[in-house]
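Numbering (full-length UniProt numbering), first residue to last: 1 to 327.
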């Protein structure tokens, strides 16, 4: 067995510096205790492997038409974290997602089923990713950024049939450039709660509506939605407390679009879930796969070595949620 090394960066809560962990895998497998040590180190790295950067997340541009409840068009850069996933040949957006860092995007596992068993070269002919898109018919817009899918990761317990744990992460072919039109959404902190009756936003190109026979949308849409108490009408899906449901939906979002909620007494938004299922007859109810603490740990472990953007309040909450390093 060749000697290999696991090297990664993690944020040290006590000293507030980035440290490098380098361990010999061969040495750790000498005895049973070595295996236990290896597992414990991997688990610790998984939780702490993202670096907190000095950049902002979750800032939504205010919309001058916000007071109009029926306003459906998103303003330019109102949702700069929104991601479009396109069919390469048709250039049609078929799914949404959210930018988490300059290299990673989160979407639903259902959106990536088509490339599950494809090579990198084959993926290029099937899907690509666009950031900063607002009008799919305006080819003169220079704010959009295009990427291939370098790699992707399904949540280990994702079930395509029931859409349980419907999460996947995309690694972009190169780093995104942050701008007024492109920057990430905030991750929830451990203190975030999702209350029935709370309002949030979903953005997208209404591809869900298009699937039901309606006209395709070229401008980015938005919808203000209210969290419901359960999903009694979604009988075809195994609804559980791992889901968030909203009523009176118009399906202006995309499958994989982020449900974002405003942090209490703050001006920034965090991602609460991803659009996964809906009532096909009238789209009056949408279901979202909820980002809980287990999903959050998986996101951090998948994005090993990346830098996440924060703000001061979120930074303090994020630090408070991390385990204390022992001497």
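The beta-carbon is built from N, C-alpha and C at its ideal position, and this holds for glycine as well.
As the structure is a prediction and not an experimental result, all values here were calculated from the model.
Backbone secondary structure at residue i - three-state DSSP
| i | result |
| --- | --- |
| residue 89 | coil |
| residue 161 | coil |
| residue 146 | strand |
| residue 30 | Reliability of the predicted coordinates at residue 30 is poor, the pLDDT of 33 falling under 50, and the value obtained from them is presented with this limitation in mind. In this structure, residue 30 counts as coil in the three-state DSSP scheme. |
| residue 306 | coil |
| residue 400 | The requested residue 400 does not occur in the structure, where the chain is confined to residues 1 to 327. |
| residue 126 | coil |
| residue 226 | strand |
| residue 100 | coil |
| residue 245 | strand |
| residue 298 | helix |
| residue 276 | strand |
| residue 204 | strand |
| residue 111 | helix |
| residue 19 | Low local confidence applies: a pLDDT of 28 at residue 19 is under 50, so the model's placement there is unreliable, with the coordinate-based value given in what follows. Here residue 19 sits in strand by DSSP. |
| residue 291 | coil |
| residue 328 | Summary: the structure shown does not reach residue 328, with the chain confined to residues 1 through 327, and so no result is reported for it. |
| residue 120 | helix |
| residue 266 | coil |
| residue 255 | coil |
| residue 154 | strand |
Residue i: CB within 8 Å of a non-hydrogen atom of the ligand SAM
| i | result |
| --- | --- |
| residue 115 | Ligands in the displayed structure: none, and consequently the ligand SAM is not present. |
Closest Cα partner of residue i within the set the options
| i | options | result |
| --- | --- | --- |
| residue 258 | 264, 219 and 187 | 187 |
| residue 370 | 288, 271 and 162 | Only positions 1 to 327 of the chain appear in the structure, and residue 370 is not among them; the question remains open. |
| residue 217 | 204, 224 and 77 | 204 |
| residue 77 | 135, 116 and 111 | 135 |
| residue 227 | 160, 200 and 174 | 200 |
| residue 302 | 197, 168 and 270 | 168 |
| residue 179 | 162, 155, 278 and 144 | 144 |
| residue 220 | 173, 58 and 72 | 72 |
| residue 173 | 130, 165 and 156 | 130 |
| residue 297 | 155, 222, 206 and 241 | 155 |
| residue 243 | 195, 223, 74 and 112 | 195 |
| residue 294 | 84, 112 and 165 | 165 |
| residue 92 | 161, 292, 206 and 278 | 206 |
| residue 198 | 138, 118 and 264 | 264 |
| residue 161 | 111, 177 and 189 | 111 |
| residue 189 | 278, 83 and 292 | 292 |
| residue 107 | 118, 119, 88 and 84 | 84 |
Contact under 9 Å by Cβ, residue i with residue j
| i | j | result |
| --- | --- | --- |
| residue 202 | residue 286 | yes |
| residue 171 | residue 153 | yes |
| residue 254 | residue 94 | yes |
| residue 158 | residue 109 | yes |
| residue 273 | residue 97 | no |
| residue 61 | residue 262 | no |
| residue 268 | residue 90 | no |
| residue 270 | residue 132 | no |
| residue 99 | residue 185 | yes |
| residue 116 | residue 276 | no |
| residue 241 | residue 300 | no |
| residue 81 | residue 260 | yes |
| residue 74 | residue 175 | no |
Proximity test, Cβ basis, 9 Å: residue i and chain B
| i | result |
| --- | --- |
| residue 276 | Absent from the structure is chain B; it holds one protein chain and no more. |
Is it true that the region 145-156 meets the region 114-125, where meeting means three or more beta-carbon pairs spaced less than 8 Å apart?
yes
Any chance the region 303-310 sits against the region 95-104, with 3 or more Cβ pairs inside 8 Å?
yes
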